[in-house]
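Novice: Submitted below is the structure of interest, expressed as structure tokens.
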Amino acid sequence: MTNIIVLLFRFLVGLAIGSFLNVAAFRYPKNNWGGRSKCLSCRRQLHWFELVPLVSFIIQGGRCRHCGKPLSRQYPLVELLSGLAAAFLPPFWFFVALAMILLSAIDWRLMIIPDELNIFLALMGVLAGVWGVGSFLENYVGVMPGPTNQFFGRLLAAALGLVLLGLIVFISRGRAMGAGDVKLAGALGLLAGWPDTILVLAISFIVGGIWGASLLITGHGKMKTLVPFGPFLVIGFWLTYFFGHGLLSWYVSLI
């Protein structure tokens, strides 16, 4: 019972933090941090009971009480992800998750990845090396030969991300993805290390490809429709974090 109460408390704290992340994401890059929250459609100032994380969105049916316009689904998604991160992740990875959630929310809306967040994630990758955080792939870490020294492994992984996505940007002349994606791939390389970053990148391209295909099939996008890649890199990282070993076991069983 005590564990459940602790998890619930951490989840509620995470919801509150997620509410702040939404404010930061929607007000970026104007840096207009002052003033009360308002509806993005009618600009009416919101009351406190309209700002209760997750609950207000559900009670209001996902619509503004004043103008009836649909509210962004980013609100409940960011709050829920922040709550789950607070409940189930250790402190180090919780702060990493918050940065990635904010980064994804900004990139999805504006197709911009703030340098400050990329630098923060890169520094967290350096700390992961200092603290000796191991591979998420467990016994599969030896599948891909590479440096035995963890720092060199993280540098190699960062170089892989920078070079691979940098080549895509160069070949496509910036049309396929942007410099922010390249920097993020480098930062994730420092965080995930070698050879985990290979799986992170592979999953990112697979999930991104599936999303792009679904847009074409459903008629919600065209071949030239721009899709932010940062969130898919983040998804690739967390799928590797939680399921990397299981995914490789499944893949090996197939071959």
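Using the numbering used here, count along the sequence shown one by one with no gaps and you end on 770. All C-beta atoms in this analysis are idealised placements derived from N, C-alpha and C, irrespective of residue type, glycine included. Please read these numbers as outputs of a predicted model, since none were measured by experiment.
Does DSSP classify glutamine 560 as helix, strand or coil?
Specialist: Glutamine 560 falls in the strand class under three-state DSSP.
Novice: Taking the alpha-carbon positions, what's the phenylalanine 524 to phenylalanine 744 distance?
Specialist: Roughly 33 Å between the two C-alpha positions.
Novice: Out of curiosity, what's the CA-to-CA distance linking glutamate 565 and phenylalanine 572?
Specialist: Their backbone Cα atoms lie some 8 Å apart in a straight line.
Novice: With 16 as the cutoff for other CB atoms within 10 Å, does valine 715 come out buried or exposed?
Specialist: So valine 715 counts as buried.
Novice: Just to check my reading of the structure: leucine 699 and methionine 639 have Cβ atoms closer than 8 Å, yes? What is that Cβ distance to the nearest angstrom?
Specialist: That belief does not hold up - the Cβ atoms of leucine 699 and methionine 639 are roughly 13 Å apart, past 8 Å.
Novice: With which residues is arginine 578 paired in a DSSP beta bridge?
Specialist: Paired residue(s): Pro585.
Novice: Can you name, in chain order, every residue of its own chain whose Cβ lies under 8 Å from the Cβ of alanine 540, other than the five neighbours on each side?
Specialist: Here the set comprises Gln589, Val593, Leu617, Ala620, Ile621, Arg624.
Novice: Which residues in the same chain as histidine 581 place their Cβ atom closer than 7 Å to its Cβ, once the five residues preceding and following it in sequence are excluded?
Specialist: Result list for histidine 581: Cys554, Cys557, Arg559, in chain order.
Novice: To the nearest angstrom, how far is it from the Cα of alanine 673 to the Cα of phenylalanine 666?
Specialist: Distance between the alpha carbons of alanine 673 and phenylalanine 666: 11 Å.
Novice: Give the range of the alpha helix (DSSP H) segment to which lysine 698 is assigned.
Specialist: It spans 694–707 - the alpha helix (DSSP H) in which lysine 698 sits, taken as one unbroken run.
Novice: Do alanine 601 and alanine 702 have their C-beta atoms closer together than 7 Å?
Specialist: No, the Cβ-Cβ distance between alanine 601 and alanine 702 is not below 7 Å.
Novice: Please tell me whether serine 719 and glycine 751 are closer than 7 Å, where the distance is taken between their beta carbons.
Specialist: Result yes, Cβ atoms of serine 719 and glycine 751 sit closer than 7 Å.
Novice: Give the range of the alpha helix (DSSP H) segment to which glycine 727 is assigned.
Specialist: Segment 711–733, the alpha helix (DSSP H) holding glycine 727.
Novice: Hey, quick one: how far does the alpha helix (DSSP H) through asparagine 537 stretch, first residue to last?
Specialist: Counting along the chain, the alpha helix (DSSP H) containing asparagine 537 begins and ends at 517–542.
Novice: At the level of alpha carbons, what is the spacing between asparagine 537 and glycine 647?
Specialist: Distance between the alpha carbons of asparagine 537 and glycine 647 is about 33 Å.
Novice: Considering only the beta carbon of each residue, do glycine 759 and tryptophan 709 sit closer than 7 Å?
Specialist: No.
Novice: What residue range is occupied by the uninterrupted alpha helix (DSSP H) comprising threonine 456?
Specialist: There is no way to answer for residue 456, as the model of the chain reaches only from 516 to 770.
Novice: For the alpha helix (DSSP H) that contains arginine 624, what are its first and last residues?
Specialist: Counting along the chain, the alpha helix (DSSP H) containing arginine 624 begins and ends at 606–625.
Novice: Report the CB separation of leucine 596 from alanine 614 in whole angstroms; it is logged as a contact under 8 Å.
Specialist: That pair is no contact at about 12 Å.
Novice: Which same chain residues, not among the five before or five after leucine 530, have their C-beta less than 7 Å away from its C-beta?
Specialist: Same-chain partners within the cutoff: Pro568, Leu569, Glu594, Ser597, Gly598.
Novice: Output the distance between the C-alpha atoms of tryptophan 753 and phenylalanine 610, rounded to the nearest integer angstrom.
Specialist: Cα to Cα, tryptophan 753 sits roughly 13 Å from phenylalanine 610.
Novice: Asparagine 654: which of Leu522, Phe526, Phe535, Gly761 sits nearest, CA to CA?
Specialist: The candidate whose alpha carbon is nearest that of asparagine 654 is Gly761.
Novice: Counting C-beta neighbours from all protein chains within 10 Å, is the total for leucine 675 16 or more, i.e. buried, or is it exposed?
Specialist: Result: buried.
Novice: Judging by CA-CA distance, which residue of Arg551, Tyr756, Pro591, Gly644 is the nearest neighbour of leucine 533?
Specialist: Per the sequence shown, residue 533 should be read as glycine rather than leucine. Among Arg551, Tyr756, Pro591, Gly644, the Cα nearest to that of glycine 533 belongs to Pro591.
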